[in-house]
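Chemist:
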Amino acid sequence: MFYRGTREYLDGTLRFVREGLAVGEPVAVAVPRENLRLVRDGLGGDADGVRLLDMQEVGRNPGRIIPGVLRAFADAQAPGRRVRIVGEPIWAGRSSVEYPACVQHEALINAAFEGRTVTILCPYDVRRLDGQVLADAHATHPTVIRDGRSADSEAYAPQTVVARYNEPLAAVPGVKAVSFPFDGGTLAEARHRAADEAGRLGLAAARTRDLLLVVAELTTNSVVHGGGRGVLRVWGEGGTEGAVVCEVRDAGVLADPLAGRRPAPPERPGGRGLLLVNLVADLVRTHTGGAGTTVRCWFGR
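Residue numbers (our numbering): 20 to 320.
Structure, rendered in C-alpha cells:
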C-alpha cells in the first residue's frame, strides 16, 4: 500500500484491520512506533482486539520479522485459520546498511507463508522513501494499492530481488578488527577471543552473552557445514553509541534464502542456529556465493 500522509495511511490500515475484525480474523499490526500510535488512536475501542507491535523494536533486525513477528503471530492461531497482518518493515529512518536485509525480507514473505491463509498489508510512505525503494516494493509484492485501488504488480520478481541484494559485505573503512582463523579444534578459543574483544569495546554483559551465542552458532556451523574451518572477525563501529560487530566467513554456500528466517518445526532436531542468530542480533547481513558465505552481525552498545 503506497500512502501519502496520515490520512491515506489511516484510511488504508484501519479499513484493512476492521475488515478482518468484522469476520473474526486474528489481526496484528507491526509498524514503526509513531504510526503505531496513530493506528491505536484511530481504532479506539477496537484496538483491544488487535495485537499491536512496535516494528522499530520487534523488527529492528529484518531477519527476525518473519519468524519472530509474522509467523509467530500466525502460528499461534488455530490450524487453517486465516489471519491478517499489517507489517511496515521499511521506513525513512532505516539505514543503507539495514535496507538490503529489509528488501530481502519483503521478497521472502510469500515463500515463508506458502500454503497458509494469511493476508498481509505492507505500507510504503511515498513522500519519504526514495524511488528505488518504491520500485523494489513493486518487485516484492504481487499486488500493489495506490489511491485506494488494487492492481497486480507487473514488476513482481521476488527471487530476482533476493539475488540482487545478495551483496558482498564491504570492509568498513577506519576500523581495526581482531581476526581469528578457527577450525573444529579451536572453537572454544574463538569464543574467548570474541568475549575479550567485546569487553574491550565496551559491550554490555548481557549483549556480550548474546554475541557469544551467535559466535558459537556461526563458528560451529562453519565447521559442520562450511568446509571445516572459517575466519572470525570482531570490531567496533560508531564509538560508544555504536555497535560491536562480529563476522564469520567460511567456504560453505547458503542455498536457502529462508534459512534462519523460518521457525524450526518443534519435531525437527537441530536447524535452529541461524534462526537464533536472527533472533538475538540487532542486525544480520549475509552474502553467499561460489567463494563461500559471510555472516555479519551487529550488537548495539
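Note that beta-carbon positions come from the ideal geometry of N, C-alpha and C, so glycine has one too.
Quick check: what's the CA-CA separation for ASP65 versus GLY279?
Modeler: Those two C-alpha atoms are separated by around 34 Å.
Chemist: Rounded to the nearest angstrom, how far is the Cβ of VAL233 from that of PRO200, given a contact under 8 Å?
Modeler: At roughly 18 Å, the Cβ-Cβ gap does not stay under 8 Å, so VAL233 and PRO200 are not in contact.
Chemist: Specify, as a first and last residue, the run of the beta strand (DSSP E) that HIS306 falls within.
Modeler: Residues 302–308.
Chemist: Comparing C-alpha positions only, which one of TYR118, TYR28, SER114, THR136 sits nearest to PRO98?
Modeler: Closest option to PRO98, Cα to Cα, is THR136.
Chemist: Please go through the same chain and pick out, in chain order, the residues whose beta-carbon is closer than 8 Å to the beta-carbon of GLY387, but skip the five residues on each side of it.
Modeler: Only positions 20 to 320 of the chain appear in the structure, and residue 387 is not among them; the question remains open.
Chemist: So, for VAL145: in the same chain, excluding its five sequence neighbours on each side, which residues have a beta-carbon less than 8 Å away from its beta-carbon?
Modeler: Within the same chain, VAL145 has close Cβ partners PHE21, TYR22, ARG23, LEU153.
Chemist: DSSP three-state call for VAL122: helix, strand or coil?
Modeler: Helix at VAL122.
Chemist: Around the C-beta of PRO350, are 16 or more other C-beta atoms found within 10 angstroms, so that it is buried, or is it exposed?
Modeler: For residue 350 there is no data in the structure shown, the boundaries of the chain being 20 and 320.
Chemist: At which residue ranges does the segment 140–211 contain complete beta strand (DSSP E) runs of 3 or more residues, listed in the order of the chain?
Modeler: 162–165, 168–171, 197–202, all fully within the segment 140–211.
Chemist: Mapping DSSP to helix, strand and coil, what is GLY319?
Modeler: GLY319: strand per DSSP, three-state reduction.
Chemist: Considering just the uninterrupted stretch of the alpha helix (DSSP H) at ALA224, what are its terminal residues?
Modeler: It spans 224–244 - the alpha helix (DSSP H) in which ALA224 sits, taken as one unbroken run.
Chemist: If I measure Cβ to Cβ from ASP155 and keep anything under 7 Å in the same chain, skipping five residues before and after, which residues do I get?
Modeler: Excluding positions up to five away in sequence, the list reads VAL122, VAL180.
Chemist: In chain order, what residues of the same chain lie with their CB nearer than 8 Å to the CB of ASN129, ignoring the 5 residues before and after it?
Modeler: Closer than 8 Å at Cβ, skipping near neighbours: PRO161, PRO177.
Chemist: Taking DSSP as the reference, what is the three-state secondary structure of PHE132?
Modeler: DSSP places PHE132 in coil when its eight states are reduced to three.
Chemist: What does the alpha-carbon distance come out to for the pair GLU173 and ALA111?
Modeler: Their backbone Cα atoms lie some 25 Å apart in a straight line.
Chemist: Got a sec, what are the start and stop residues for the alpha helix (DSSP H) ALA262 sits in?
Modeler: ALA262 -> not in any alpha helix (DSSP H); beta strand (DSSP E) instead, spanning 262–269.
Chemist: With which residues is TYR28 paired in a DSSP beta bridge?
Modeler: None; TYR28 has no bridge partner.
Chemist: How is the beta strand (DSSP E) around ALA49 delimited, first residue to last?
Modeler: 46–50 is the extent of the beta strand (DSSP E) around ALA49.
Chemist: Provide the residue span of the alpha helix (DSSP H) that contains GLY292, from first to last.
Modeler: Looking at the DSSP string, the run of the alpha helix (DSSP H) that includes GLY292 is 292–299.
Chemist: Hey, ARG194 and GLU117: beta-carbon distance below 8 Å or not?
Modeler: One point to set straight first is that residue 194 is Val, not Arg, in the sequence displayed. Against a cut-off of 8 Å, the Cβ pair of GLU117 and VAL194 comes out as no contact.
Chemist: In terms of residues, what are the limits of the alpha helix (DSSP H) holding ARG90?
Modeler: 90–94 is the extent of the alpha helix (DSSP H) around ARG90.
Chemist: Taking its Cβ as the centre, do 16 or more other Cβ atoms sit within 10 Å of GLU266, making it buried, or is it exposed?
Modeler: GLU266 comes out buried.
Chemist: Following the continuous alpha helix (DSSP H) through GLU107, name the residue where it begins and the one where it ends.
Modeler: Where GLU107 is concerned, there is no enclosing alpha helix (DSSP H), given that its DSSP letter is neither H nor E.
Chemist: Pull up the CB-CB distance for LEU71 and LEU55, whole angstroms please, since I reckon it's below 8 Å.
Modeler: Their Cβ separation, rounded to whole angstroms, is 6 Å, which keeps LEU71 and LEU55 in contact under 8 Å.
Chemist: Output needed for LEU273: all residues of its chain with C-beta closer than 7 Å, excluding positions within five of it in sequence on either side, in chain order.
Modeler: So the qualifying residues of the chain are THR305, THR307, THR312.
Chemist: Buried or exposed, going by whether 16 or more other CB atoms sit within 10 Å of the CB of GLY203?
Modeler: It is exposed - the Cβ of GLY203 has fewer than 16 other Cβ atoms within 10 Å.
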